[in-house]
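I have placed the structure first, in the form of structure tokens, so that the comments after it can refer back to it.
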Amino acid sequence: MILHPGVLSLIIGSLIVIVMMVYSSALGLKILKRWNIDSSSSEQLSLERKTYLISTIMNYVLGFMVLSAFLFIYTADDIHRLFIGAMCATGSLNANPVGWYVLYTKIIVFFLSSIWIAFNYIDQKAEDYPLVKTKYTILLFITPFIILDAYLQMRYFIGLKPKVITSCCGSLFSEAGKGIASSLSSLPVKPMMIIFYVTIGIFLLNALLSLRLRNSIPRYALTFLSLVVFVVSVASIISFISPYFYEIPTHHCPFDILQKNYYLIGYPIYITLFSGVFFGMITGILEPFKKLGSLIIIIEKSQKKWIALSILLILIFALISSWPMLSLSFSRDGVW
Amino acid sequence: MMSIVIKTENVTKVFNPNLPNEVKAVTDISIEIENGEVVVLKGPSGSGKTTLLSLIGCMSRPTEGSIIVNGKDVARLPERFLTKIRQKTFGFVFQMFNLIKGVNVIENVMLPLYPTDAKLFVIKKRAEAILDKLDILKKRDFKTQSLSAGEQQRVAIARALINEPEIILADEPTAHLDTKLSEDLIKILRGLNEDRKTIIIATHDPFVYEKAFVHRIIEMRDGVIKNPTPQIIPYPENEVWDK
Amino acid sequence: MEKHKKILEYAISSILRRKYKNLAIIIVFSFMITILASILFLTHSLKMESLNLLLGSPQLIVQRVSGGRHDLIPINYIKRIQGIYGAGKITPRYWGYYYDSATDGNYTLMGVDKDMQGLRLLNGEMPSKNGECAIGKGVSSARFTGIGEKVYLIDSKEKVLAFNVVGVFTSISNILTNDLILLTKEDILGFFGMPSDKATDIVVEVYNEFETPFVASKIKEILPDTRPIMKSEIIRTYDALFSWRSGIALIMFLGALISFLILAWDKATGLSADEKQDIGILKAIGWETSDILELKFWEGLAISLTSFLTGLILAYVHVFFLGAWLFAPVLKGWSVIFPSFRFFPYINLYQVFAVLFLTVIPYVASTIIPSWKTAITDPDTVMRG
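Protein chains in written order, with my numbering: chain A, 7 to 342; chain B, 21 to 263; chain C, 178 to 562.
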């Protein structure tokens, strides 16, 4: 266990969020059971008012999750000196591989709560609140992930054993040989580049298609392609995008680009990637709900907006990511 | 061309249902109000006129029955949408003025349009125009607690008008005004009616309901309508005298 | 967009309208943030200070361990280490601690060789003859002495010795030189009564940093009774130590945080009649529940950001201009002699972010339910009188 301000903040923050989420889930369950939009009973009114509380909490939870993902990475980065061979956050995560799962759960919770907020947004535009049941069912799925996230996070920090000098035996040099791998194993650069640009190309084409056609198929495909773009992009960031920013072909850390030394370029990269993927994903997820009469126009209108946004964001993401390759390829052609 | 703007069908509102302190505020009310009418809900306190006014004004939902505003049944709408309808249809003038203390006159008038997408300077222009029309623009930067009762009432009316409502609802508007100020208020209301606004006033002040511009009086007692066939009571001679 | 701007504007004007109530919360909140940020700034600064210092320190220190304890190391070990491939210059060090009952402080006494470099002097010079010494700023002011005057120390045989001060260290913030007294090597040996064929420890320079573990393991092999300590290990230990210290300090601070949250909750739930009236009016004139929630969100954000910035600035002043007088003794825990101590302002965004996380998030969380309760006021409340 490492006692550290960042660790404490993360643990306290997670506890607060769990309390809020468990409370909302209890309210959500009650809403699922008792909701009756046609009733004018005072119970229905009070349930209706509780939905405001839940959506407020969910908005805060989403905000918290984004901040906590960053704080988690910062913390991992800050403590890397405690581990032999660790050179950045990657090393700290490798020091106790549970750390990677924490990162995954944070990403999952981020997407789930964003999806929830999108459902809520659509639902609140229709006078009969047609998505109430769906919404609160999703909510019940988010809570376990938040608890899992907090649990894994706790296990990660507890499982970290910093290698410090103890009074009995100072030297730990014997362990230096099996120090923590400082880099991630990454896919070969050239094929990865081809996959990256082809995927982005297909995604953009399909997005343009779904913007033009009212057909459902390209929109479902958009959801699927968003996921593919996400996975491929993250792999590409590790494989070749970040090394280009570091100008070190062997440094495959997806986190260091968040640092000042690299002009904080990681922020625009991740923000455009995550939000672009989200807007692409949500388009198809809401497609089936057009069947609910009152939603068809609302969803159609929002989808147009979302598709346009995701095209724009993914395009910006691809441009920023390609920038150093374009500017460097002249000077370093042979090396890469 | 007259058209029905508000129609209630068997509206009942019960407070604290199934509790010992259950109150049937209004029971089985069915009325129709036409565009451009001035209607008074008359009755002693506790007669349910304020409750009816708040139901018509989409402030609360009836326990039973339906309320149709401009052809749309609002009785079962969630609060979010009720508020939207309220925002574009109604202007409220309250008994206690209900201005926010410590906030200056113009901002009080502008407040109802804050949670809309209207630009601030547009709202400000509009507020200034209304304050000017009500002859109180010179007090625009005063805090409301420094105004006289009459001035406060006019600010409250200005606020009710900022969203350009087609229906004005007034709850005991003369309760805190002396005769002279009540006179002024009636003049303002009459002016609004001349601008084709529908006006519904809940009051038990004869000074109001005996005025010529009132087209119709609906008398209430114990939550029910006392004159079951509401009729138009014209005061033609009064009107001549008034003008 | 327009809508949010206007609600934000109204939120700020309503905070200003209730200046005193909000001021109370801002003051308490700022104070909390000041304390918290001070802890983090201070430990971070100490950590950076030590790390910077260690960066200039030798790659490898060899101690002799006897009976599980640190012992004096024979000089002739140097010859045996010299043969190891990769090892550079090897120098013995002579040093020890000295407790001064007059000032109730611990000093570090160190012997110098002629070629000892890298330490800056305020004025004067290094001790070159027996009976001379150079002292740290802390020692100088604790003993009210300076160049040209004398320092009296009692040696291991209870004999009072006088040393001429020939130099005083300049470094304002340097942790190591503050409590330092430099003597000549011979004086040190005599003072501590150390045998002349032994040193306190041995410093080994390694040409290639990456070969340090190899050199260290070789030394351990040849001289099994020694403990080689690598610089990276020391850095790691310091790092862990300071993180641990600030963690402990934060835990002590949690109680205060919780009581503040209770206060915030109380303030937020215990709305005055005036405020309730205002919310009722807003609801009546067409504000929706979510608009009120947004209003409350902006209010909370404005209050916490104001407190946050105030707190950060106060903490900065407290730590870097006032020497963290509130709790430096607890956190430094090094030696009692720290009469004046200026920290170098090392701040990273991470510290700021952690403070934000520890204060603003719990505050915001504690106001959610009270704000919601206010926001669901019936719109017709004001009509029912």
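Where is the CB? At the ideal position from N, CA and C, for every residue including glycine.
Note that the coordinates shown come from a computational prediction; the quantities given were computed from them, not determined experimentally.
- Classified as exposed, A169/B has fewer than 16 neighbouring CB atoms from the shown chains inside 10 Å of its CB.
- Residue nearest to E382/C within the set L193/C, V239/C, A479/C, I250/C is V239/C (criterion: CA-CA distance).
- For the stretch 228-283 of chain A, the full-length alpha helix (DSSP H) segments reaching 4 residues or more read 248-252 along the chain.
- Rounded to the nearest angstrom, the gap between the Cα atoms of F530/C and D262/A is 17 Å.
- With its beta carbon less than 8 Å from one in chain C, T62/A belongs to the interface.
- Around the beta carbon of R146/B, a 10 Å sphere encloses 16 or more other beta carbons of the protein chains shown; the residue is thus reported as buried.
- When Cβ pairs closer than 8 Å are counted between the two stretches, the stretch 531-538 of chain C is seen not to touch the stretch 223-230 of chain C, the count staying below three.
- When Cβ pairs closer than 8 Å are counted between the two stretches, the stretch 469-478 of chain C is seen to touch the stretch 181-193 of chain C, the count reaching three or more.
- Taking 8 Å as the CB threshold, I456/C stays off the interface with chain A.
- Leaving aside the five residues that flank D378/C on each side, the residues in its chain whose CB is nearer than 7 Å to its CB run, in chain order, I238, V239, Q240, I250, R270.
- Chain-order list of chain A residues neighbouring P539/C: I18, G19, I22, by C-beta distance under 9 Å.
- Within 9 Å of the CB of S46/A, the CB atoms of chain B belong to R81, P82, T83, E84, A95, R96, in sequence order along the chain.
- Residue-level contact check: Y66/A touches chain C, since one or more beta carbons of chain C fall below 8 Å from its beta carbon.
- Sequence-ordered contacts of the stretch 525-539 of chain C with chain A read N525, L526, Y527, Q528, F530, A531, V532, L533, F534, L535, I538, P539 [C-beta pairs closer than 9 Å].
- Taking 8 Å as the threshold, the shortest C-beta distance from P135/B to chain A does not fall below it.
- Chain order gives the chain C residues near H10/A as S420, G424, where near means a beta carbon separation below 7 Å.
- Beta bridge pairing from DSSP links P251/C with K375/C.
- According to the DSSP secondary-structure assignment, I245/B is paired through a beta bridge with M240/B.
- A check of alpha carbon separations from T268/C across S243/C, K375/C, L486/C, K397/C identifies K375/C as the nearest.
- Neighbours of A461/C in chain B, taken as residues whose beta carbon is under 8 Å from its own, are M79, F112, F114, N118 in chain order.
- Beta-bridge pairing by DSSP links Y274/C to T285/C.
- In the structure shown, P103/A falls within a coil segment according to DSSP collapsed to helix, strand and coil.
- CA-CA distance, M64/A to S548/C, rounds to 15 Å.
- For R160/B, there is no enclosing beta strand (DSSP E), as DSSP marks it with neither H nor E.
- Bounds of the beta strand (DSSP E) holding I312/C are 309-312.
- The Cβ atoms of T194/B and T223/B lie closer than 8 Å to each other.
- Neighbours of E99/B in chain A, taken as residues whose beta carbon is under 7 Å from its own, are E54 in chain order.
- Between G286/A and S239/A, the CB-CB gap reaches or exceeds 8 Å.
- The continuous beta strand (DSSP E) containing T361/C extends over residues 357-361.
- Between the stretch 224-238 of chain B and the stretch 50-63 of chain B, the count of Cβ pairs shorter than 8 Å is three or higher; the stretches touch.
- Separation of the CB atoms of S15/A and L535/C is rounded to 5 Å, and the pair is thereby assigned contact status at 8 Å.
- Taking every protein chain shown into account, the CB of P64/B has fewer than 16 other CB atoms within 10 angstroms, so this residue is exposed.
- For V123/B, the secondary structure class from DSSP, reduced to helix, strand or coil, is coil.
- At a beta-carbon threshold of 9 Å, the residues of chain A lying near P37/B are S47, S48, ordered along the chain.
- Excluding five sequence positions before and after D84/A, the CB atoms of its chain that fall closer than 7 Å to its own CB belong to G12, given in chain order.
- Here F521/C is exposed: its Cβ has fewer than 16 other Cβ atoms, across all protein chains shown, within 10 Å.
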